[in-house]
Amino acid sequence: MILSFDIIILIFLIVAAVISLNVKDLLSSAMIYGIYGFLICLLWAEMGAVDVAFTEATVGAGVSTVLFIATILNTRRKSSD
Amino acid sequence: MNPKIFASIAVVITGLVLLYGVSDFPTFGDPRSPANSGVEGGAPSTSLYYINESYSATKVPNLVTSVLADYRSYDTMFETVVVFAAGMAIFAILRCVGKDDGAVVAPQRKSSIDGDHNRIIVGMTCRLAVPVVQIFALYVIAHGHYSPGGGFQGGVMLGASFILIALAGNLEDALSRLSERSYMALAALGILIYAGFGVLPQVLGKNFLDYGALQKILLTDGPEMARSHSMLGVEIGVALTVMSIMFAIFANLSSRGTLKGGL
Amino acid sequence: MVEFFLNTVKPHFNFWVYVILMMVGLWSLIAKNNLIKKMMGLAIFQTAIILFYVSLGVKDGATIPVLEHYGDYAEKAEPAGPDASKPASKPAPNPASMPAPAASNPADAFANPVPHVLMLTAIVVGVATLGVALALCEMIFKEFDTLEEDELLRKIKALHDDA
Chain A
1 MILSFDIIIL IFLIVAAVIS LNVKDLLSSA MIYGIYGFLI CLLWAEMGAV DVAFTEATVG
61 AGVSTVLFIA TILNTRRKSS D
Chain B
1001 MNPKIFASIA VVITGLVLLY GVSDFPTFGD PRSPANSGVE GGAPSTSLYY INESYSATKV
1061 PNLVTSVLAD YRSYDTMFET VVVFAAGMAI FAILRCVGKD DGAVVAPQRK SSIDGDHNRI
1121 IVGMTCRLAV PVVQIFALYV IAHGHYSPGG GFQGGVMLGA SFILIALAGN LEDALSRLSE
1181 RSYMALAALG ILIYAGFGVL PQVLGKNFLD YGALQKILLT DGPEMARSHS MLGVEIGVAL
1241 TVMSIMFAIF ANLSSRGTLK GGL
Chain C
2001 MVEFFLNTVK PHFNFWVYVI LMMVGLWSLI AKNNLIKKMM GLAIFQTAII LFYVSLGVKD
2061 GATIPVLEHY GDYAEKAEPA GPDASKPASK PAPNPASMPA PAASNPADAF ANPVPHVLML
2121 TAIVVGVATL GVALALCEMI FKEFDTLEED ELLRKIKALH DDA
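If you read the sequences in order, they're chains A, B and C. Per the working numbering, the first sequence runs over residues 1 to 81. Per the working numbering, the second sequence runs over residues 1001 to 1263. Per the working numbering, the third sequence runs over residues 2001 to 2163.
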């Protein structure tokens, strides 16, 4: 549990979340959501929660991002805001 | 009201209330916090019981797996049922094809990458990677007792390997390896295995999901190894269901229900 | 102002960040126009809550919840207890909140496994419900040909006025 590492990753998390929700192109938004998922996985591995980090890496950052991209493929790619 | 103004007011009020509540929390990482060791003068936390006693009762070193598959197996069973129900819901929402969409046809050739020069690099790399991913996923399921891993992680990796086949070639390539009939059957089989491990002790006269009662059937000498082996069986059931449903969700979403075309 | 920062924010810095993440997700769920952005905000809200829960089980100087020397883990070389493992470069926390070293327990060498178990379930159920939500978005697109909330409301109102 290293405090300075925690602080840096948490600040990156907020930045990634805010950017992912404000980009107009939905494909880039899904990509940055994948980055957010991997940062959370890193944070949990550092906190000692390795099972949760493993699950988040496969489910959250892997399958969840692919499901978003599959939906964006079948609907519009641009969003109005 | 303009949604942005309403959202800002709601978020600011909720945020301030939550931040006011945060000031009473124990320090981050405190081993004496109520969640970690219990209240002073009151009951100790259950995690102390799990850390101290679970190895001698179940002989499984990974504490998270032993709590997930044995002490809290009822939760895990219903979680698997929820994943199955989500797969059924997506089936019911998306998989209604109209009269102009035909039935799902079997692919003509063995794989769609073979003649296509543009996709040869991606296709060959994914072909090399998929068996490695599947063997690693089976290792993760089987080794969940001794290292981080278990049924959920391994099952999602197996499902992701089929998604990789679908991404490298066509959706028909993946469906020729895991057809719709098979994945529906596998998903139901996974839950049946889990419920079977629960009902079998009841048939023998003990409680539901009481794995220690299975020591006569599993031929072990003592309830601890029976619990360890039943945990493995239960994890296999979970992995089957999660694999099928992850692939089912992807297949239905990427082709909008018709299972033709797609990513 | 500075002493408010040092006394209130600094010991609970990570909880403040989790609350900020939750509020970012909640704002996007209400205020954004596009349905996919709303779903993304919901997913961010969900992971912030799971982050909060898992961080309740962190113990200073503890290792992962997997036993290494089975059978006699109590005699395994403890990572020198909860106090001495803090490196010197860490900013010193409030001394009144440090755990009493005399009452250390062999179970303190492992992180708390119970929040991990509960959150494993939460993550998998979260992705299953995300799949259902995205399937509904696709059906809405097939029916109305748009995913923007204001256009959808206008088209639904037009349908009602016609029928």
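Backbone N, C-alpha and C define an ideal beta-carbon position, used for all residues, glycine too.
I'd like to know whether the C-beta of LYS2032/C is nearer than 8 Å to at least one C-beta of chain A. For the purposes of this step, residue 2032/C is taken as residue 32 along the third sequence, with counting starting at 1. Chain A, which has a Cβ nearer than 8 Å to the Cβ of LYS2032/C, makes this yes.
Does any CB atom of chain C fall closer than 8 Å to the CB of LEU26/A? On the first sequence, residue 26/A is found 26 positions in, with the first residue counted as 1. So, interface residue.
Please say whether VAL2117/C and LEU1068/B have beta carbons closer to each other than 8 Å? Here residue 1068/B refers to the residue found at position 68 when the second sequence is read from its first residue. Here residue 2117/C refers to the residue found at position 117 when the third sequence is read from its first residue. Yes, they are a contact pair.
Establish whether the CB of ARG1109/B and some CB of chain C are separated by less than 8 Å. Against the second sequence, residue 1109/B aligns to sequence position 109. Its pLDDT being 48, under 50, ARG1109/B is placed unreliably in this model, and the coordinates cannot settle the point.
I'd like to know whether the C-beta of ILE1093/B is nearer than 8 Å to at least one C-beta of chain A. Taking the second sequence and counting its residues from 1, one reaches residue 1093/B at position 93. No, because no Cβ of chain A sits closer than 8 Å to the Cβ of ILE1093/B.
Can you list, in chain order, the residues of its chain with a C-beta nearer than 7 Å to that of LEU1063/B? Leave out the 5 residues immediately preceding and following it. Within the second sequence, the letter at position 63 stands for residue 1063/B. Correct list, in chain order: TYR1050, ILE1051 and SER1054.
Quick check on THR65/A: does DSSP put it in helix, strand or coil? As a working note, residue 65/A is residue 65 in the first sequence. Helix.
Using a threshold of 8 Å, state whether the C-beta atoms of VAL1130/B and LEU1171/B are closer than that. Sequence index remark: in the second sequence, residue 1130/B carries index 130 (1-based). Sequence index remark: in the second sequence, residue 1171/B carries index 171 (1-based). It is not a contact, given that the beta carbons lie outside the stated cut-off.
Counting only runs of 4+ residues fully inside the segment 1–54 of chain A, write out the alpha helix (DSSP H) ranges in chain order. 3–22 and 26–47
So, with DSSP's three-state summary, where would you put PHE1208/B? Here residue 1208/B corresponds to residue number 208 of the second sequence, with the count starting at 1. DSSP places PHE1208/B in coil when its eight states are reduced to three.
Measuring only the C-alpha atoms, how far is ALA1137/B from VAL1238/B? The residue given as residue 1137/B occupies position 137 in the second sequence. The residue given as residue 1238/B occupies position 238 in the second sequence. One C-alpha to the other measures close to 13 Å.
What are the complete alpha helix (DSSP H) segments, minimum 4 residues, inside the segment 2031–2063 of chain C? 2035–2054
Beta-carbon of ASN2105/C versus every beta-carbon of chain A: anything under 8 Å? If you number the third sequence from 1, residue 2105/C lands on position 105. Answer no: the Cβ-Cβ gap between ASN2105/C and chain A never drops below 8 Å.
Going straight from the alpha carbon of MET1231/B to that of SER1182/B, what length do you get? Numbered from 1 along the second sequence, position 231 holds the residue referred to as residue 1231/B. Numbered from 1 along the second sequence, position 182 holds the residue referred to as residue 1182/B. About 25 Å.
Selected residue, minimal CA-CA separation from GLY1159/B, among VAL63/A, ARG76/A and ASP81/A: Along the second sequence, read from residue 1 onward, the residue named residue 1159/B stands at position 159. Out of VAL63/A, ARG76/A and ASP81/A, VAL63/A has the C-alpha closest to the C-alpha of GLY1159/B.
Run down chain A in chain order and give the residues with a C-beta less than 8 Å from the C-beta of GLN1153/B. Position 153 of the second sequence, counting from 1, holds the residue named residue 1153/B. Per Cβ cutoff of 8 Å: ASP51, PHE54, THR55 and THR58.
Residues near PRO1034/B by beta carbon distance below 6 Å, same chain, minus five either side: Within the second sequence, numbered from 1, the residue matching residue 1034/B stands at position 34. No residues qualify anywhere along the chain.
Taking LEU1259/B as the query, report the chain C residues whose CB atoms sit under 9 Å from its CB, ordered along the chain. The sequence position of residue 1259/B within the second sequence is 259, counting from 1. Going along chain C, no residue has its Cβ under 9 Å from LEU1259/B, so there is no contact; the nearest lies around 14 Å.
Thinking THR75/A and GLU2138/C are a contact (beta carbons under 8 Å), I'd like their distance in whole angstroms, please. Here residue 75/A is taken as the residue at index 75 of the first sequence, counted from 1. Here residue 2138/C is taken as the residue at index 138 of the third sequence, counted from 1. Contact holds; Cβ gap of about 6 Å.
By the 7 Å beta-carbon criterion, what residues does the segment 1018–1042 of chain B contribute toward chain A? GLY1029
Nearest-angstrom beta carbon gap, ALA2111/C and GLY2061/C [assumed within contact, 8 Å]: Within the third sequence, the letter at position 61 stands for residue 2061/C. Within the third sequence, the letter at position 111 stands for residue 2111/C. Rounded, the Cβ-Cβ distance is 10 Å, inconsistent with contact.
Determine which residues of the segment 27–50 of chain A have a Cβ less than 7 Å from any Cβ of chain B, and write them out in chain order. VAL50
PHE1136/B - containing alpha helix (DSSP H), residue span: Within the second sequence, residue 1136/B is the residue found at index 136, counting from 1. From DSSP, the alpha helix (DSSP H) with PHE1136/B extends over 1120–1142.
Taking the straight line between their C-alpha atoms, what separation do you get for ALA2102/C and THR1046/B? Taking the first residue of the third sequence as position 1, residue 2102/C is located at position 102. Taking the first residue of the second sequence as position 1, residue 1046/B is located at position 46. Bear in mind that the predicted position of ALA2102/C carries a pLDDT of just 37, short of 50, making it unreliable; the figure below should be weighed with that in mind. So the two alpha carbons sit approximately 22 Å from each other.
Can you give me, in chain order, the residues of the segment 2006–2022 of chain C that have a beta carbon less than 8 Å from any beta carbon in chain A? PHE2013, ASN2014, VAL2017, ILE2020 and LEU2021
Checking contacts by CB at 8 Å: is ILE1249/B closer than that to chain A? Here residue 1249/B refers to the residue found at position 249 when the second sequence is read from its first residue. So yes, ILE1249/B belongs to the interface.
Members of the segment 1186–1218 of chain B that neighbour chain C once the beta carbon cut-off is set at 9 Å: none
Where the segment 2105–2120 of chain C meets chain A: residues whose CB sits under 7 Å from a CB there: ALA2111, HIS2116, MET2119 and LEU2120
Using a 10 Å radius around the Cβ and a threshold of 16 neighbouring Cβ atoms, would you call ALA1043/B buried or exposed? For this step, residue 1043/B is matched to residue 43 along the second sequence. By the 10 Å Cβ count, ALA1043/B comes out exposed.
When burial is assigned at 16 or more other CB atoms within 10 Å of the CB, is LEU2021/C buried or exposed? Taking the first residue of the third sequence as 1, we reach residue 2021/C at position 21. With 16 or more other Cβ atoms within 10 Å, it is buried.
Assign ARG1256/B to buried or exposed, taking buried as 16 or more other Cβ atoms, counted over all protein chains shown, within 10 Å of its Cβ. For the purposes of this step, residue 1256/B is taken as residue 256 along the second sequence, with counting starting at 1. Buried.
Exposed or buried, SER1244/B, counting other C-beta atoms within 10 Å across all chains shown (16 or more means buried)? As a first step, residue 1244/B is located in the second sequence; it is residue number 244 there, counting from the start. SER1244/B is buried by the Cβ-count criterion.
What did DSSP end up calling PHE2110/C once you bin it into helix, strand or coil? Taking the third sequence and counting its residues from 1, one reaches residue 2110/C at position 110. PHE2110/C falls in the strand class under three-state DSSP.
Short CB-CB distance (under 8 Å) between ASN74/A and chain B: Position 74 of the first sequence, counted from the first residue, corresponds to residue 74/A. Chain B, which has a Cβ nearer than 8 Å to the Cβ of ASN74/A, makes this yes.
Might you give, ordered along the chain, the residues of its own chain that have their beta carbon closer than 8 Å to the beta carbon of ASN1036/B, omitting 5 neighbours on each side? Here residue 1036/B corresponds to residue number 36 of the second sequence, with the count starting at 1. ASP1030, SER1045 and SER1047.
Among SER1147/B, VAL1140/B and HIS1145/B, which one has its Cα closest to the Cα of GLY1154/B? By one-based count along the second sequence, residue 1154/B stands at place 154. Minimum Cα distance to GLY1154/B is reached at VAL1140/B.
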